[in-house]
Amino acid sequence: MTRRTGLAFLFLTLLTSCHPKSPSAEGAVATLAGKPVTVADLRDTARFMGLGKVSDRSFESWPPALAKTVFEETLYDRLLLEAADKRGVTVTPEEVQDETKRIMGLSAPEGGGPPVLSDDLVRRKLLLLKTAELIAHTPEISRKMALAEYNREKDHFALPERALVRDIVVRSEDEGKAILAALTAGSSFSALAKVKSLSPESAEGGLLPPFSLGEMPALFSVAFSMKPGELSQLLSSPYGYHILKLVKIIPPRTPPFREVRKKIERTLQERSRKSELTRWFSEKIDSEKLVIVPKYQSTLSLSHP
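0 is the number of the first residue of the sequence shown in numbering that gives the first Met the number 0; add one for each residue after it.
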């Protein structure tokens with residue numbers, strides 16, 4: 000079975016589980032434990048992966064790599080749901096409520112409303128997260144293990160030159176010009192950002208996390224040619240009109256182990272859980288006797304680690 004980075008594949012698996020499957024007029028592409036895996040199942044998975052336009056096309060027209068990825072995600076979804084049922088995993092209404100509040104508290108896209116959630120979607124997401132934790136526990140990472148990883152990958156932690164910038168973003172050019180004039184006259188950038196800026200960082204006076212050249216949209220590259228305390232001109236983007244103020248340029252550095260230890264521990268935990276989950280999925284697919292319909296074998300056959 001192919002390896003994955005992080006737990007993105009698990010999150011997609013959780014999403015695809017949130018609606019019941021319906022029989023497919025297009026037939027099965029495989030059977031798992033004697034139960035059909037249909038094109039309708041694959042379409043459901045593709046839609047929840049954000050591939051709605053592709054999912055509406057004839058299955059035979061799907062790119063082979065995409066078809067295989069969607070097929071694997073569908074199998075993972077089914078296996079985790081079965082494991083949740085066998086292990087008696089439960090989710091309380093309070094857990095659903097807390098998770099719904101957490102998700103609703105995340106920033107919505109520009110111009111968009113809050114995400115549309117159902118209790119069933121959130122319940123099943125939590126159900127499968129709990130099941131995955133039972134299958135692949137989060138391991139303890141010792142200081143020795145984390146330090147060894149730091150020494151092996153020290154170059155990976157090196158930070159390039161970065162800019163620390165405050166940003167004010169507004170909708171109209173006229174409003175941007177008025178704010179720029181006020182700043183030039185000596186008004187507080189931080190105070191105006193808190194009152195006027197549409198940026199999520201407005202509450203922090205428009206202070207953005209440090210970024211390197213090329214890490215942010217092109218307009219932010221101007222910061223690297225500015226002097227500390229200098230204001231930019233009014234800059235346009237799809238989000239509105241920006242005014243930048245350079246706080247400082249942070250020189251390149253390699254952070255010491257103590258600064259990145261927590262990050263390394265999370266990385267090693269994630270790597271361990273991913274490996275264990277992958278091994279579990281592979282063993283389950285073998286034991287459940289996956290049989291792919293002959294016409295789809297060349298496209299959908301899974302490779303083992």
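C-beta atoms are modelled at their ideal positions from N, C-alpha and C, and glycine is treated no differently.
As the structure is a computational prediction, the values presented were derived from the model and not from experiment.
Backbone CA spacing between residue i and residue j [nearest angstrom]
| i | j | result |
| --- | --- | --- |
| Leu80 | Leu127 | 7 Å |
| Gly228 | Lys244 | 6 Å |
| Ile291 | Arg122 | 31 Å |
| Phe256 | Gln268 | 17 Å |
| Lys67 | Ala82 | 23 Å |
| Ala177 | Lys195 | 11 Å |
| Thr277 | Leu191 | 51 Å |
| Lys294 | Gly87 | 37 Å |
| Pro35 | Ser57 | 19 Å |
| Lys85 | Ser60 | 37 Å |
| His315 | Lys261 | Because the chain is modelled from 0 through 304, residue 315 falls outside the range shown and cannot be assessed. |
| Ser54 | Gly33 | 25 Å |
| Ile102 | Asn150 | 37 Å |
| Val259 | Arg270 | 16 Å |
| Ala202 | Ser231 | 21 Å |
| Pro92 | Lys129 | 15 Å |
| Asp199 | Ile248 | At residue 199 the sequence reads Pro, which differs from the Asp that was named. Taking the straight line from one Cα to the other gives about 22 Å. |
| Ala180 | Gly205 | 17 Å |
| Glu174 | Lys153 | 46 Å |
| Glu275 | Leu289 | 20 Å |
| Gly26 | Val38 | 6 Å |
| Leu197 | Gly49 | 27 Å |
| Leu125 | Ser117 | 13 Å |
| Asp166 | Pro208 | 11 Å |
Exposure label - residue i; buried when at least 16 CB within 10 Å
| i | result |
| --- | --- |
| Ser323 | Outside the modelled stretch of the chain, which goes from 0 to 304, sits residue 323, for which no answer is possible. |
| Lys283 | buried |
| Ser186 | exposed |
| Arg77 | buried |
| Leu146 | exposed |
| Arg265 | exposed |
| Ala157 | exposed |
DSSP bridge partner residues for residue i (one or two, in chain order)
| i | result |
| --- | --- |
| Thr161 | The amino acid occupying residue 161 in the given sequence is Arg; Thr does not appear at that position. Bridge partners of Arg161: Ser211, Ile249. |
| Leu120 | Leu120 is not bridged to any residue. |
| Ile167 | Ile242 |
| Thr37 | Ala27 |
| Ser236 | Gly239 |
| Leu230 | Lys244 |
Limits of the beta strand (DSSP E) - the one that residue i falls within
| i | result |
| --- | --- |
| Lys294 | Looking at the DSSP string, Lys294 is not in any beta strand (DSSP E), and its letter there is neither H nor E. |
Interface flag, residue i vs chain D, CB-CB below 9 Å
| i | result |
| --- | --- |
| Met225 | Protein chains in the displayed structure number just one, and chain D is not present. |
Residue i CB to nearest heavy atom of the ligand FAD below 8 Å
| i | result |
| --- | --- |
| Gly51 | In the structure on display, the ligand FAD does not appear, and there are no ligands present to speak of. |
Endpoints, the alpha helix (DSSP H) within which residue i is located
| i | result |
| --- | --- |
| Val53 | 51-54 |
| Pro63 | 63-85 |
| Thr89 | Here Thr89 belongs to no alpha helix (DSSP H), and DSSP marks it neither H nor E. |
| His155 | 153-156 |
| Thr183 | 172-183 |
| Ala190 | 188-195 |
| Glu275 | 256-286 |
- prompt: Is the segment 216-223 in contact with the segment 161-170, if contact means three or more CB pairs nearer than 8 Å?
  reply: Contact holds: three or more Cβ-Cβ distances are below 8 Å.
message: Below 8 Å, how does it come out for the segment 230-237 and the segment 131-151: are there three or more Cβ pairs, yes or no?
response: Under the 8 Å Cβ criterion, the segment 230-237 does not count as touching the segment 131-151, having fewer than three qualifying pairs.
- prompt: Is there contact here, the segment 205-214 with the segment 137-151, by at least three beta-carbon pairs under 8 Å?
  reply: no
- prompt: Does the segment 52-67 touch the segment 85-103, meaning 3 or more C-beta pairs lie closer than 8 Å?
  reply: no
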